[in-house]
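Step one of this worksheet: look at the structure below.
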């Protein structure tokens, strides 16, 4: 999911989920739980180690119901089987 052209994920901060950019995740929320904004599955953010590289969002466990992963998406959106609440 993108907001203003930037990729985002949700981070659990003080008991509630907050939508943040991947750049913010790498600078402010590295150690917090992160979930996919589409299916609510657990995700990891891989950092940008060079100025030209961009952070990457990846599911910890892929599933066919999330449109963010084009390789495994079935075409029918569904919540992650192990969705974070």
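Residue numbers (the working numbering): 1099 to 1183. Glycine included, C-beta positions come from ideal geometry on N, C-alpha and C.
- For residue 1117, the enclosing beta strand (DSSP E) covers residues 1114 to 1119.
- DSSP places residue 1124 in the helix class (H, G or I) of the three-state scheme.
- Out of 1114, 1111, 1145, the CA that lies nearest to the CA of residue 1125 is found in 1145.
- In this structure, residue 1140 sits near residue 1182, with a CB-CB distance shorter than 8 Å.
- The beta carbon of residue 1170 sits closer than 6 Å to those of 1160, 1162, all from its chain and outside the five residues before and after it, given in chain order.
- In the structure shown, residue 1162 adopts coil according to DSSP, grouped into three states.
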